[in-house]
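In the numbering used here, the protein residues as written are 117 to 218.
Every residue gets a Cβ at the ideal spot worked out from N, C-alpha and C, and that includes glycine.
Right, one structure below, let's go through it.
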């Protein structure tokens, strides 16, 4: 995994294995990172994973105010129509870790 600053933005590159496929991801993020940020991530799967050879994701985040009860600074939630709020931190911590590519 590599993360570096380029022209005032942050670029990422990562490679990992997932279910027999090599996943190569690149991303570019910008913002002040204290009040808001946005970015794009493109992941390519070789061989395709469950028929998918590429995934594109747009991410935007912004500070909405003081933490709600039970939250601490840095916690992330995702609002999904029909699903309510999802605690991203809890979801990610509960996922099995994938071995990094060597």
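Taking buried to mean at least 16 other C-beta atoms within 10 Å of its own C-beta, is residue 149 buried or exposed?
-> Working through the chain shown from its first residue, we reach residue 149 at position 33. The residue is exposed, with fewer than 16 neighbouring Cβ atoms inside 10 Å.
Alpha carbon to alpha carbon, how far is residue 191 from residue 185? Give it in angstroms, no decimals.
-> Position 69 of the chain shown, counted from the first residue, corresponds to residue 185. Position 75 of the chain shown, counted from the first residue, corresponds to residue 191. Spanning the two alpha carbons is a distance of roughly 12 Å.
Where residue 206 falls: helix, strand or coil (DSSP) | What you label residue 206 is simply residue 90 of the chain shown in a count that begins at 1. Residue state, collapsed to three classes: helix.
Please say whether residue 180 and residue 137 have beta carbons closer to each other than 7 Å?
-> Translated into positions along the chain shown, residue 137 becomes position 21. Translated into positions along the chain shown, residue 180 becomes position 64. In this structure, residue 180 does not lie closer than 7 Å to residue 137 by Cβ.
For the ligand NAD, any of its heavy atoms closer than 6 Å to the Cβ of residue 188?
-> Of ligands this structure carries none, so the ligand NAD is not represented either.
Mind checking whether residue 143 and residue 157 have CB atoms under 7 Å apart?
-> Numbered from 1 along the chain shown, position 27 holds the residue referred to as residue 143. Numbered from 1 along the chain shown, position 41 holds the residue referred to as residue 157. Yes, these two residues count as a Cβ contact at 7 Å.
Give the DSSP bridge partners of residue 180, in chain order.
-> Position 64 of the chain shown, counted from the first residue, corresponds to residue 180. None; residue 180 has no bridge partner.
DSSP on residue 192, reduced to helix/strand/coil?
-> Within the chain shown, the letter at position 76 stands for residue 192. Of the three classes helix, strand and coil, the one that applies to residue 192 here is coil, per DSSP.
Under 7 Å, do residue 176 and residue 159 count as touching if we go by C-beta distance?
-> In the chain shown, residue 176 corresponds to position 60, counting from 1. In the chain shown, residue 159 corresponds to position 43, counting from 1. Residue 159 is positioned such that its CB atom lies no closer than 7 Å to that of residue 176.
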